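Notes to accompany the following structure.
In this note's numbering, the protein residues as written are 3 to 176.
Structure follows, in structure tokens:
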């Protein structure tokens, strides 16, 4: 586990101030979670060992490594919620108080964190100059979720006009 946290921390430090840092950080977190899953699979997710490891890490990790561990734990919780709950709610864990108690960690682990989301908000498309109109002619009479998403994205750039067509109306009937 120490090797996983070391490589995670070094990878995170190596990617500071890179243009696509959020994407790389998400990849680094996912790789670390995959390595933790493999590590815990070697002990068959034995609850006693996993709970012991969790308690040891919470008690002894420094601030930067604790942050890395919580990033990994948060992503692991989104993928394997029951196993993380078993790990966190050990019989001895209810005795823990303060910022690292289960009551304090629970809201943090429940919220999903995506480092890419903040960069998406910065790169909102701007309206095109001189008020253009985008005309969309769908290839099918029913609008799918994908088409609606494209319409929404185009509406940030310009006025969108969708021309609905009725394909069965003009077909000759024999």
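Heads up, the beta-carbon is just placed ideally off N, CA and C, and yes, glycines get one too. Quick caveat, the model's predicted, so the values are computed rather than measured.
Item: Check whether residue 27 and residue 17 have beta carbons under 8 Å apart; Value: yes
Item: Residue interval of the beta strand (DSSP E) (run including residue 164); Value: 161 to 164
Item: Residue 72 versus residue 24 - alpha carbon distance; Value: 17 Å
Item: Residue environment, residue 129, which counts as buried when at least 16 other CB atoms sit within 10 Å; Value: exposed
Item: Nearest-angstrom Cα separation, counted from residue 137 out to residue 40; Value: 51 Å
Item: Limits of the unbroken alpha helix (DSSP H) element including residue 138; Value: No alpha helix (DSSP H) holds residue 138; the beta strand (DSSP E) holding it covers 135 to 138.
Item: Simplified DSSP assignment, three categories, for residue 167; Value: coil
Item: Candidates 38, 66 and 50, of which the one nearest residue 5 by Cα; Value: 38
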